[in-house]
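Inspection log for the structure reproduced underneath, given as structure tokens.
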Amino acid sequence: MPQLRRIAVVAHPELDDAYLEAERIATFLKQKDVQVSYGLLYDDELRTQIKTGAFELLIALGGDGTMLRAGHLCGPLGLPILGINLGHFGFLMEVRQNQWMDILPRLLTGDYWLEQRMMLNAELYRSDEILGTWDVLNEVVVGRGQTVRPVQLVAEVDGRYLTTYVADALIAATPTGSTAYALAAGGPILPPELRNILLVAVAPHLSIDRAIVLAEGSSVGITIHSTHHAVLSVDGQTPINVQDGDKVIARASDYTLKFVRFQDPGYFYRNLTPHMEQNPTTGNQR
713 MPQLRRIAVV AHPELDDAYL EAERIATFLK QKDVQVSYGL LYDDELRTQI KTGAFELLIA
773 LGGDGTMLRA GHLCGPLGLP ILGINLGHFG FLMEVRQNQW MDILPRLLTG DYWLEQRMML
833 NAELYRSDEI LGTWDVLNEV VVGRGQTVRP VQLVAEVDGR YLTTYVADAL IAATPTGSTA
893 YALAAGGPIL PPELRNILLV AVAPHLSIDR AIVLAEGSSV GITIHSTHHA VLSVDGQTPI
953 NVQDGDKVIA RASDYTLKFV RFQDPGYFYR NLTPHMEQNP TTGNQR
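Following this note's numbering, the numbering of the sequence shown begins with 713 at its first residue and continues without gaps.
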């Protein structure tokens with residue numbers, strides 16, 4: 713892989729000492745003759761530099777949420793991301809906080825590989841008008857809002873009717889998202905290199921209660937029928953209110969996210985069991 717000499721370092725703004733850690737990493741890289749800019753993830757000036765193509769790599773400091781937000785920025789740019797875990801879970805992260813000083817020299821010599829991760833493109837329609845479009849890494853969720861009543865969700869695959877769910881929500885997830893909300897809802901785990909959409913219903917009532925893996929290249933349409941509050945959520949961002957008859961179409965995005973990896977390609981299965989056996993956000997890990 714190419715040796716990298718122009719790197720941006722971004723830190724989650726709400727994690728203690730994340731900015732100071734970014735500064736330490738930037739100082740380390742500068743001593744290796746690397747051109748570096750660093751700051752918080754939402755720093756407008758730094759984000760503008762990133763969007764102009766000033767860098768060859770982005771290093772993201774935080775947890776999985778930081779990687780999602782960095783992915784939204786870097787995916788459309790084709791900019792690779794290296795995740796350094798300062799958070800709780802770090803399923804998507806490659807390097808632990810106490811490892812980076814040993815790992816980064818490998819980056820500078822080209823001793824790494826790029827893992828390609830599928831993104832989803834989601835479009836929200838009201839009649840024939842498009843209200844919004846998003847490129848996401850984990851999932852698109854259509855479901856009930858604050859009212860604790862299910863909604864009817866008509867699902868189509870490639871424009872053909874599949875089924876009508878009566879459920880709290882329907883998740884359309886990427887393989888990356890299969891280990892997130894879709895997993896919590898009982899869905900299967902998909903290898904990250906796949907390019908399939910996973911459909912998982914949340915609390916389905918007398919409806920299909922099994923996850924469905926769509927063929928590569930297929931799209932899914934979800935039409936909402938509800939007399940009460942319903943929402944669209946993409947990658948866990950602020951929900952968007954939707955109305956009866958609105959339709960969400962999700963398909964593979966034109967963008968592919970690139971994660972920097974140092975472990976061998978079999979890392980996913982090797983790391984899966986430790987992640988599944990304990991959730992560090994509970995404080996009860998062994």
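Beta carbons: idealized from backbone N, C-alpha and C, even for Gly.
All values reported here derive from a predicted model rather than from experimental measurement.
- In the structure shown, the three-state DSSP call for residue 947 is coil.
- In this structure, the straight-line span from the alpha carbon of residue 895 to that of residue 862 is close to 20 Å.
- In terms of Cβ geometry, residue 882 and residue 855 form a close pair [threshold 8 Å].
- Restricting attention to 902, 769, 963 and 730, the CA atom closest to the CA of residue 747 is found in 769.
- Rounded to the nearest whole angstrom, the CA to CA distance from residue 757 to residue 849 is 24 Å.
- Sequence-distant Cβ neighbours of residue 857 in its own chain, meaning closer than 6 Å and more than five residues away, are 941, 942 and 943.
- In the three-state reduction of the DSSP assignment, residue 976 falls in the coil class, being assigned neither a helical nor a strand state.
- Distances from the CA of residue 864 to each of 914, 908, 842 and 891 were compared; the closest alpha carbon is that of 914.
- Sequence-distant partners of residue 974 (beyond 5 residues in either direction) whose C-beta falls short of 7 Å from its own C-beta, in its chain, are 806, 815, 818 and 824.
- With contacts defined as CB atoms closer than 8 Å, residue 771 and residue 970 fail to qualify as a contacting pair.
- Taking a C-beta distance under 8 Å as the contact criterion, residue 869 and residue 926 qualify as a contact pair.
- Classified as buried, residue 934 has 16 or more neighbouring CB atoms from the shown chains inside 10 Å of its CB.
- In the three-state scheme derived from DSSP, where H, G and I count as helix and E and B as strand, residue 744 is classed as coil.
- Per DSSP, reduced to three states, the secondary structure at residue 876 is strand.
- Considering only 880, 961, 902 and 887, the residue with the shortest C-alpha distance to residue 921 is 880.
- Taking 8 Å as the cut-off, the beta carbon of residue 773 is found closer than this to the beta carbon of residue 722.
- Residue range 812-820 is occupied by the alpha helix (DSSP H) that includes residue 815.
- Straight through space, the alpha carbons of residue 958 and residue 802 are spaced by roughly 35 Å.
- Residue state for residue 828 is assigned as strand, using DSSP reduced to three classes.
- By the CB criterion at 8 Å, residue 874 and residue 885 fall outside the cutoff.
- Taking a cut-off of 8 Å for Cβ pairs, the segment 948-966 and the segment 977-986 do not touch, as fewer than three such pairs fall below it.
- A Cβ-Cβ contact shorter than 8 Å links residue 820 with residue 716.
- DSSP, reduced to helix, strand and coil, places residue 892 outside both helices and strands of the structure shown, so it counts as coil.
- By DSSP's assignment, residue 749 forms a beta bridge with 720.
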